[in-house]
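Report on the structure given below.
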Amino acid sequence: MSERDPGITLYRLQACPFCERVVRVLDEYGLDYESRFVEPMHSDRNVVKRISGKRTVPAIVDENTGVTMSESANIVEYLHGTYGDGGAN
44 MSERDPGITL YRLQACPFCE RVVRVLDEYG LDYESRFVEP MHSDRNVVKR
94 ISGKRTVPAI VDENTGVTMS ESANIVEYLH GTYGDGGAN
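In the working numbering, the protein residues as written are 44 to 132.
Written out as structure tokens, the structure reads:
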């Protein structure tokens, strides 16, 4: 990935506690990522549905590993396993 392309994209809402949980883990591991804020109306989140199959946030696309997923608990577990102790970094 280039310096301008962090490889990780986080789809999120403003002031969403589940999204902030993922942000804290991304920051904890010093991972570069791009935040994309999505529509507040669940039914308008077509971009999230296209990438993850669901309209829920947070959703993450990690081009470094080819992983796309949603649900904060799953994302946090993935980040710990991939970038935390015993992970790639």
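We put the beta carbon where it would ideally sit given N, CA and C, even for glycine. In this text the structure is predicted, and so the values were computed from the model without any measurement.
Coarse secondary structure for residue i, derived from DSSP in three states
| i | result |
| --- | --- |
| Val65 | helix |
| Arg93 | helix |
| Asp128 | coil |
| Glu77 | strand |
Of the residues the options, the one placed nearest residue i, counting alpha carbons only
| i | options | result |
| --- | --- | --- |
| Ala102 | Met84, His123 and Phe80 | Phe80 |
| Gly34 | Ala58, Asp70 and Ser115 | The question about residue 34 has no answer here: the residues shown for the chain are numbered 44 through 132. |
| Ser95 | Thr111, Pro60 and Asp75 | Thr111 |
| Ser78 | Asp87, Met84, Ser86 and Val91 | Val91 |
6 Å Cβ shell around residue i - same chain, five flanking residues per side excluded
| i | result |
| --- | --- |
| Val68 | Val119 and Leu122 |
Continuous beta strand (DSSP E) stretch holding residue i: start and end
| i | result |
| --- | --- |
| Ala58 | Premise fails: Ala58 is in no beta strand (DSSP E) and is neither H nor E. |
| Asp87 | Here Asp87 belongs to no beta strand (DSSP E), and DSSP marks it neither H nor E. |
Open item on the list: Under 8 Å: do the stretch 98-114 and the stretch 52-64 share three or more Cβ pairs, one atom per stretch?
Closed with: yes
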